[in-house]
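So the structure is just underneath, and the comments pick up after that.
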Amino acid sequence: MEQGLALDIGGTKIAAALVNQRGELSQRQQISTPGGDAGQLSQALETLISSYRQQADFIAVASTGIINNGNLTALNPANLGGLANFPLQDCIKSIADLPCVLLNDGQAAAWAEYQALPVDRDNMMYVTVSTGVGGGVVLNKQLHIGNQGLAGHIGHTLADPRGPRCGCGRQGCVESMASGTAIGAATASWQQPVAAVDVFQLARNGHIEAEKIIASSANAIAQMIADMTMALDLEVVVIGGSVGLATGYLAQVQQAQQVLPAIYRAPLLRAYYQQDSGLSGAAMWGRAVLS
0 MEQGLALDIG GTKIAAALVN QRGELSQRQQ ISTPGGDAGQ LSQALETLIS SYRQQADFIA
60 VASTGIINNG NLTALNPANL GGLANFPLQD CIKSIADLPC VLLNDGQAAA WAEYQALPVD
120 RDNMMYVTVS TGVGGGVVLN KQLHIGNQGL AGHIGHTLAD PRGPRCGCGR QGCVESMASG
180 TAIGAATASW QQPVAAVDVF QLARNGHIEA EKIIASSANA IAQMIADMTM ALDLEVVVIG
240 GSVGLATGYL AQVQQAQQVL PAIYRAPLLR AYYQQDSGLS GAAMWGRAVL S
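At position 76 of the sequence shown the residue is numbered 75 (numbering that gives the first Met the number 0), and the sequence of numbers has no breaks.
Below, the structure is given as structure tokens:
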């Protein structure tokens, strides 16, 4: 497998790039994720894949949601623009007659970040804080996917039973309190509600309410990491995603950890591949599976 085409389907964007055997990305493109219409998503994928089709030996896809038997479903359909079910593998095969591997984006990112760890570890977790909250887990040096493709949906663990109702239908999920969507929603009572990116800018400028919203998100992530550390004996946790990579966010999660007993505090690292963890991990996984 000389060269792969990697796709990363997220809640707000779809990224694509060619990835060679050395893991180097080239010809990277990014478009906005279309709304909750299967036809629009199919068209977007065809547009992206067609521009690379003659240059790739295989296709590897990392996508938000649950990948099971070639179908893409979502615990929280809002993260896919309202799309609850999509025949992803059939769609891609209809566009390009190439070997294809599908993986959840958090799982893909976890695999990439595991390969990039500065010190060899057995157990690690990747956390993405972005449109939603997700992740992936490597246990005993093996990527854990699960029978239903559910492994790593850590954003749907409980943060506060009295918290906001999550798009999955449960009340008080970590995602409903810590994600970029949740950060923006927390400004709904403001005279001028803003998006998460604006909340971060306001917080950097000393806006007290914005600072509280970011701190609340970071605390929910720190508590979730503590729970997962105790459940899985994690040796290190890597944080990525648009919120997770925002300036100062990792430091806030680390600060929130300091009030916890030491045994709950897993070492935290910033994602090595930054916004391309999903692309890189999908290509690595696809190459390994198809070789």
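For glycine and all other residues, C-beta sits at the position ideal for the given N, C-alpha and C.
*Pull up the distance between the alpha-carbon of Ala61 and that of Thr180, whole angstroms please.*
Taking the first residue of the sequence shown as 1, we reach residue 61 at position 62. Taking the first residue of the sequence shown as 1, we reach residue 180 at position 181. Roughly 21 Å between the two C-alpha positions.
CA-to-CA distance, Ala55 to Ala202, given in whole angstroms:
Within the sequence shown, residue 202 is the residue found at index 203, counting from 1. Within the sequence shown, residue 55 is the residue found at index 56, counting from 1. In a straight line, the C-alpha of Ala202 is about 44 Å away from that of Ala55.
Query - Assigned exposure category for Thr63 - 16 Cβ within 10 Å defines buried - result: For the purposes of this step, residue 63 is taken as the residue at position 64 of the sequence shown. With 16 or more other Cβ atoms within 10 Å, it is buried.
Option in Asn70, Ala16, Ala5 and Gly134 with minimal Cα separation from Met223: By 1-based counting over the sequence shown, the position of residue 223 is 224. Selected option, being the one with the closest Cα: Gly134.
Checklist line | As assigned by DSSP and simplified to three states, the class of Gly105 | finding: Counted from its first residue, the sequence shown places residue 105 at position 106. DSSP places Gly105 in helix when its eight states are reduced to three.
Measure the alpha-carbon distance for Leu102 versus Leu74 and round it to whole angstroms. Locating residue 102 in the sequence shown gives position 103, where the first residue counts as 1. Locating residue 74 in the sequence shown gives position 75, where the first residue counts as 1. Going by the C-alpha atoms only, they are around 15 Å apart.
Original post:
What are the partner residues of Phe57, as DSSP defines its beta bridges?
Top reply: To locate residue 57, count along the sequence shown from 1; it is residue 58. Its beta-bridge partners are Gly3.
- Measure the CB-CB distance between Ile30 and Ala16 and report whether it falls below 8 Å. The residue given as residue 30 occupies position 31 in the sequence shown. The residue given as residue 16 occupies position 17 in the sequence shown. Cβ distance not < 8 Å, so Ile30 and Ala16 don't count as in contact.
Return helix, strand or coil for Ala225, following the three-state DSSP convention.
-> Working through the sequence shown from its first residue, we reach residue 225 at position 226. Here Ala225 sits in helix by DSSP.
- prompt: Nearest CA to the CA of Ala115: which residue from Val237, Val258, Val242 and Met227?
  reply: Along the sequence shown, read from residue 1 onward, the residue named residue 115 stands at position 116. Checking every option, the nearest Cα to that of Ala115 belongs to Val237.
From which residue to which residue does the beta strand (DSSP E) around Ala15 run? Walking along the sequence shown from the start, residue 15 turns up at place 16. Its beta strand (DSSP E) spans residues Lys12 to Asn19.
Answer with buried or exposed for Met229, where buried requires no fewer than 16 other C-beta atoms within 10 angstroms of its C-beta.
For the purposes of this step, residue 229 is taken as residue 230 along the sequence shown, with counting starting at 1. Looking at its Cβ environment, which holds fewer than 16 other Cβ atoms inside 10 Å, Met229 is exposed.
Residues near Pro192 by beta carbon distance below 6 Å, same chain, minus five either side:
Translated into positions along the sequence shown, residue 192 becomes position 193. Hits under 6 Å: Thr186.
Would DSSP call Ile144 helix, strand or coil? For the purposes of this step, residue 144 is taken as the residue at position 145 of the sequence shown. Looking at Ile144 - three-state DSSP - the assignment turns out to be coil, as it is neither helix nor strand.
DSSP state of Ser178 mapped onto helix, strand, coil | Translated into positions along the sequence shown, residue 178 becomes position 179. The answer is coil: DSSP assigns Ser178 none of H, G, I, E or B.
Subject >> Backbone secondary structure at Gln253 - three-state DSSP >> reply: Your numbering for residue 253 matches position 254 in the sequence shown. The answer is helix: DSSP assigns Gln253 an H, G or I state.
So, under 8 Å CB-CB, Asp104 and Gly277 are touching, yes? Tell me the CB distance rounded to an integer number of Å. The residue given as residue 104 occupies position 105 in the sequence shown. The residue given as residue 277 occupies position 278 in the sequence shown. The Cβ separation is near 4 Å, so the contact holds.
- Query: From Gln53 to Gly145, what does the alpha carbon distance come to, in whole angstroms?
  - Reply: Counting from one through the sequence shown, the residue named residue 53 turns up at place 54. Counting from one through the sequence shown, the residue named residue 145 turns up at place 146. When rounded, the distance between both Cα atoms is 33 Å.
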